[in-house]
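Asks: Below are the structure tokens for one structure; questions will follow.
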Amino acid sequence: MDAYGPAPRRVTRQVRVGNVLVGGGAPVVVQSMTNTDTADVAATVKQVADLWRAGSELVRVTVNTAAAAAAVPRIVERLRMMSVEVPVIGDFHYNGHQLLAREPACAQALAKYRINPGNVGFGNKRDTQFAQLIEFALRHDKPVRIGANWGSLDQDLATRLMDENARRAEPWDASRVLREALIRSALDSAQRAIELGLPAERIILSAKVSGVQELVAVYRDLSARSDFALHLGLTEAGIGSKGIVASSAALAVLLQEGIGDTIRISLTPEPGASRTQEVIVAQELLQTLGLRAFTPMVTACPGCGRTTSEFFQQLAKVVQEHVREKMPQWKITHPGAEHLTLAVMGCVVNGPGESRHADIGISLPGTGEAPAAPVFVDGEKTVTLRGDGIAADFVAIIDDYVER
Ligand code: SF4
């Protein structure tokens, strides 16, 4: 058997979140979260809209105070007026039952509620407050995500499992007990929600940890033990390249195995960096794995001593930015353009070969080569570009190809 490509998607129950389908064979959904104070309506509307324009198909906002809950219906209404059609999800911790009771318009405006079973309530209040949240989901006809997290694990459950483990003939190591606590927290809470009347088709599960190997182990187990739609994410992944690499490593393994129905890349943005970076990383992860297509993919060589200047790096950047900018329009006027493959190469060594593999490719002149840049379209050399206008001419060839 040819083992090429990702495994078939695991069969999960499909959940409708606003106008977006999650699981049950739907394409893997990209989501993200704002970092504004939700009570600041203008800032939150702007960031939700920016994330949506970048390609986030679901956006979550913190709902942590009465002011934030009161702001939610206004945020959703403003987004609707701007034709930003993205389901907004409320992220609740500790006091969600109180906020939803106080602001029914918030409960109605949100497309889904995220409930953390580790802090929904403590001691004997846990069951009551969890039941109240499920009651709001039933009353307003909303799905929920039961999102367990390593950093806010249900301590009563963890202690109980530690005690059980101590009585085992061959005790598990502490890491395995904690993983089991995380999984049980999610699964037991989902079962409780079903007993309270919420259909399984309105439940998404997540169980996030910050270690790559732990995350892979947790989700393999969770996937084997249930058919709920799964939200994947490495929590607290970190800043810059560390966050990108760790998230990609963990999620790629799981997605390749067919596990995961929606993903979030939780990056700590570099100071001044855009929040939308996490959306682009999520899209690129899904596209490079061959699971979805969002924007034409640009293949570029790293450059070496054979490149005469940084021009080819600049051209790769110009091409990447151009197609990313054009894609929202192409999505409407030229659906399918997202599958285009482009190559920008630095010299004759791999330039012509790589360019022939792409739909459109260019091989720039390296050290000692004639100042000419052959362009390949559908594997055939079509034209040779020269002079100062190479970048503009190449971009025009791409646009023309999409038009045709
Ligand atoms: Fe260097 Fe040429 Fe290879 Fe690019 S294609 S890395 S310039 S040898």
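Per our numbering, the sequence shown runs over residues 640 to 1043. Note that the Cβ used here is the ideal one computed from N, Cα and C, for glycine as well.
Out of G786, A876, L817, G657, which one is the CA nearest neighbour of T798?
Replies: Selected option, being the one with the closest Cα: L817.
Asks: Apply the 10 Å Cβ neighbour rule to R823 and answer buried if 16 or more other Cβ atoms are within range, or exposed otherwise.
Replies: Classification for R823: buried.
Asks: Within 7 Å: the Cβ of N703 and any heavy atom of the ligand ADP?
Replies: You won't find the ligand ADP in this model; what it holds is the ligand SF4.
Asks: Considering just the uninterrupted stretch of the alpha helix (DSSP H) at V957, what are its terminal residues?
Replies: That run of the alpha helix (DSSP H) goes 950 to 972.
Asks: Quick one: grab the DSSP three-state call for Q747.
Replies: Note: Q747 maps to helix in three-state DSSP.
Asks: Starting from the C-beta of R652, find all residues in its chain whose C-beta is less than 7 Å away, skip the five residues before and the five after it, and write them out in chain order.
Replies: Excluding residues within five positions, the ones whose Cβ falls inside 7 Å are G662, G663, A839, E840, D866, F867, A868.
Asks: Quick check: the segment 729 to 736 against the segment 950 to 969, are at least 3 beta-carbon pairs closer than 8 Å?
Replies: Taking 8 Å as the limit for Cβ pairs, the verdict is that the segment 729 to 736 does not touch the segment 950 to 969.
Asks: Drop a sphere of 10 angstroms on the beta-carbon of M640, count the other beta-carbons inside from all chains shown, and report buried for 16 or more, exposed for fewer.
Replies: The pLDDT assigned to M640 is 49, lower than 50, so where the model puts this residue is not dependable; a value taken from the coordinates is nonetheless given after this. It counts as exposed.
Asks: Is DSSP giving H996 helix, strand or coil here?
Replies: Helix at H996.
Asks: Three-state secondary structure (DSSP) at R784?
Replies: Strand at R784.
Asks: Using the three-state DSSP reduction, which class does L869 fall into: helix, strand or coil?
Replies: Strand.
Asks: Does at least one heavy atom of the ligand SF4 sit under 7 Å from the Cβ of G786?
Replies: It does not: the Cβ of G786 is nowhere closer than 7 Å to a heavy atom of the ligand SF4.
Asks: Rank D679, E774, V1034, R903 by C-alpha distance to the C-alpha of M954 and give the top, closest one.
Replies: Note that residue 954 corresponds to Leu in the displayed sequence, not to Met. Answer by Cα proximity: V1034.
Asks: Can you name, in chain order, every residue of its own chain whose Cβ lies under 6 Å from the Cβ of S887, other than the five neighbours on each side?
Replies: Cβ within range, chain order: L924.
Asks: Taking 8 Å as the threshold, find out whether the segment 688 to 696 comes into contact with the segment 717 to 727 through three or more Cβ pairs.
Replies: Contact between the segment 688 to 696 and the segment 717 to 727 is present, because at least three Cβ pairs lie under 8 Å.
Asks: According to DSSP, simplified to helix, strand and coil, what is R914?
Replies: Here R914 sits in coil by DSSP.
Asks: Might you give, ordered along the chain, the residues of its own chain that have their beta carbon closer than 8 Å to the beta carbon of L804, omitting 5 neighbours on each side?
Replies: The sequence as given places Asn at residue 804; Leu does not occur at that position. Excluding sequence neighbours, N804 sits near P810, W811, V816.
Asks: Going by DSSP in three states, L690 sits in which element: helix, strand or coil?
Replies: Helix.
Asks: Which whole runs of the alpha helix (DSSP H) in the segment 765 to 837 are 4 residues long or more, in chain order?
Replies: With a minimum length of 4 residues, the continuous alpha helix (DSSP H) runs that stay inside the segment 765 to 837 are 794 to 805, 813 to 834.
Asks: In three-state terms, what does DSSP make of R649?
Replies: Correct three-state label for R649: coil.
Asks: Just to confirm the assignment, what range does the alpha helix (DSSP H) spanning E716 have?
Replies: Element bounds for E716: 705 to 720.
Asks: Specify which residues have a beta carbon nearer than 6 Å to any heavy atom of the ligand SF4, listing them in chain order.
Replies: The set, ordered by position in the chain, is C940, P941, G942, C943, R945, T946, M984, G985, C986, V988, N989, G990, G1005.
Asks: Below 8 Å CB to CB, which residues in the same chain sit around E909 once its five sequence neighbours on both sides are set aside?
Replies: These residues qualify, in order along the chain: I878, G879.
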